[in-house]
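The next block holds one structure in the form of structure tokens; read it before the comments.
Numbering (our numbering), first residue to last: 1 to 532.
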């Protein structure tokens, strides 16, 4: 405590004096009226609540948390977004690389062989991500969120090195191995990142911090598209692939000075002292406020084992997992749009150049939409934003189907396809994608957070790899009706279930959300009967 500052021993009055002292010292420039009101409320009670303590977090501390989240997210997610985007714009250079690699060995790569090899290189990502999602469970639960994030990021650097070497020495098989390792590393890092961001943030910033993962993905996707253009690095695969080493190395360096999350230290490691130190590092509150937050976090303690068996058999945990899986199901249409939007627009009689411009412009709009969504998430809530915006997302996909089917009769209907693709990208980035990535973690206690999220993500990736493999062949046969069958109908059914069962998590402790799920699934009654 600074010299001259009032102590906490005088109850509410002393706390108000402390606030005045801090205000005069200039330690907090937030609105005097709102801050004073939160302190005056303590006169009626000697004990501050968790929300009282959140109100004491200074503006500068909140800004630093946002900067921390941005730095860690963008460096961690860079390879994931970047490496899945540059193949689209640098595809001809990759085609030359694959053909030349096999010609150097005395083999010619025919069109069919090239298609299968290139498809394997692209889609191995989803298999690796599903595997990495499962690997993330023991790493995040046993070693901690920060350590798992470090392992994922360090492995990511290694994978980029492998991919770069594969280009230099004309070894496409090594490129396949590098992408597999990169996907596994990205899954570990992404799972750990979402948990890390949620657990270092106060409740009223949890949604905004969680948005960083999707914002980073969309932004680095755009960087990958731009860098893969012929006029920039599209003709030079070695620097194009190796560029990701810079943010990859930074992702490891940035993490070193950070503490483990307070929740993990308290509830898993049961280290009260370290948890207090971590709270002080992230929130910069006094010891009394930190202790109040600790008491609130302890409500999440559970005697359950945190096993997969519990997830399957305990009603409220099973409901939470189903909600998380279905939320991610709604996002599956983004991958065919990212991979095949240019081709689908071409089939709607859009010129090749215009189709490419639309695909690139969609990424720019998506980036702006993610920023807007980040500011809206704490105002409107997860449930309203996800269900409402996702319904619009499916409407955009339906608009594409209608316009593409009308185009042979009314050519001007093709411009409706352009509007549909842009609207789909905007709505996905504004709410559908970001919320789906983190909503599972807000529905379960800390012991189940990593395993529930990993199951949801792995199911999602397996679904995506199947859909990506079959979308184009089916599209060749029945056209845009493919989108109706594979995406619109299943996602609409998922949204109906989510509308009926998804609780609001905005501004609520996870403990409160879990209690609501217990009540609606009858878990509380089962627990009471088992105790008797």
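Backbone N, C-alpha and C define an ideal beta-carbon position, used for all residues, glycine too.
Environment of residue i [buried if 16+ CB atoms lie within 10 Å]
i, result
"residue 519", "exposed"
"residue 179", "buried"
"residue 60", "exposed"
"residue 231", "exposed"
"residue 470", "exposed"
"residue 335", "buried"
"residue 43", "With a pLDDT of 37 at residue 43, under the threshold of 50, the modelled position of this residue cannot be trusted; read the value that follows with caution. Exposed."
"residue 233", "buried"
"residue 172", "buried"
"residue 352", "exposed"
"residue 221", "buried"
"residue 379", "exposed"
"residue 63", "exposed"
"residue 465", "buried"
"residue 292", "buried"
"residue 382", "buried"
"residue 375", "exposed"
"residue 257", "exposed"
"residue 264", "buried"
"residue 412", "exposed"
"residue 84", "buried"
"residue 26", "Model confidence at residue 26 stands at a pLDDT of 48, short of 50, so the residue's coordinates are unreliable; what they give is reported in the following sentence. Burial call: exposed."
"residue 477", "exposed"
"residue 119", "exposed"
"residue 67", "exposed"
CA-to-CA distance, residue j to residue i, given in whole angstroms
i, j, result
"residue 57", "residue 284", "7 Å"
"residue 299", "residue 511", "6 Å"
"residue 504", "residue 211", "17 Å"
"residue 390", "residue 419", "16 Å"
"residue 325", "residue 105", "45 Å"
"residue 297", "residue 453", "20 Å"
"residue 513", "residue 499", "16 Å"
"residue 244", "residue 111", "30 Å"
"residue 262", "residue 490", "39 Å"
"residue 496", "residue 384", "13 Å"
"residue 197", "residue 294", "18 Å"
"residue 330", "residue 224", "25 Å"
"residue 349", "residue 399", "16 Å"
"residue 141", "residue 157", "23 Å"
"residue 114", "residue 346", "22 Å"
"residue 209", "residue 355", "34 Å"
"residue 368", "residue 107", "46 Å"
"residue 55", "residue 205", "12 Å"
"residue 94", "residue 166", "12 Å"
"residue 432", "residue 103", "45 Å"
"residue 364", "residue 370", "10 Å"
"residue 122", "residue 288", "53 Å"
"residue 168", "residue 81", "22 Å"
"residue 502", "residue 53", "28 Å"
"residue 71", "residue 79", "14 Å"
"residue 515", "residue 509", "10 Å"
Cβ-Cβ separation, residue j to residue i (assumed contact under 8 Å), whole Å
i, j, result
"residue 430", "residue 494", "Contact flag wrong, Cβ pair sits at about 18 Å."
"residue 89", "residue 229", "5 Å"
"residue 521", "residue 315", "4 Å"
"residue 279", "residue 290", "5 Å"
"residue 65", "residue 200", "7 Å"
"residue 152", "residue 192", "6 Å"
"residue 237", "residue 97", "6 Å"
"residue 358", "residue 481", "Rounded, the Cβ-Cβ distance is 21 Å, inconsistent with contact."
"residue 467", "residue 486", "6 Å"
"residue 277", "residue 146", "In fact, because the Cβ distance is near 13 Å, the residues do not count as touching under 8 Å."
"residue 362", "residue 422", "5 Å"
"residue 439", "residue 327", "5 Å"
"residue 148", "residue 177", "Not confirmed; about 22 Å, so no contact."
Proximity test, Cβ basis, 8 Å: residue i and chain C
i, result
"residue 365", "Given the protein chain composition of this structure (a single chain), no chain C is represented."
(request) Kindly confirm or deny that the stretch 64-79 and the stretch 247-255 touch, where touching means at least three C-beta pairs closer than 8 Å. (result) Flag = yes, the stretch 64-79 and the stretch 247-255 touch.
(message) Measuring CB atoms only, is the stretch 323-340 touching the stretch 468-483, in the sense that at least three cross pairs come out at less than 8 Å?
(response) Look at the beta carbons and you see the stretch 323-340 touching the stretch 468-483: at least three pairs across the two are nearer than 8 Å.
(message) With a threshold of 8 Å, are at least 3 pairs of Cβ atoms found where one atom belongs to the stretch 315-333 and the other to the stretch 443-450?
(response) Yes, the stretch 315-333 is in contact with the stretch 443-450.
(request) Please determine if the stretch 214-230 and the stretch 154-162 are in contact, where contact requires at least 3 C-beta pairs separated by less than 8 Å. (result) Touching, no, given that fewer than three Cβ pairs across the two stretches are closer than 8 Å.
(message) Below 8 Å, how does it come out for the stretch 131-138 and the stretch 452-466: are there three or more Cβ pairs, yes or no?
(response) Enough Cβ pairs lie closer than 8 Å, so yes.
(request) Give a yes or no on contact between the stretch 394-404 and the stretch 416-435, applying the rule of three or more CB pairs nearer than 8 Å. (result) By the Cβ test, the stretch 394-404 is in contact with the stretch 416-435, since at least three Cβ pairs between them sit closer than 8 Å.
(request) Indicate whether the contact test is met: 3 or more Cβ pairs, each with one atom in the stretch 400-407 and one in the stretch 181-200, closer than 8 Å. (result) In this structure the stretch 400-407 does not touch the stretch 181-200; the number of beta carbon pairs closer than 8 Å is below three.
(request) Give a yes or no on contact between the stretch 114-128 and the stretch 261-271, applying the rule of three or more CB pairs nearer than 8 Å. (result) Here the stretch 114-128 makes no contact with the stretch 261-271; the two share fewer than three CB pairs at distances below 8 Å.
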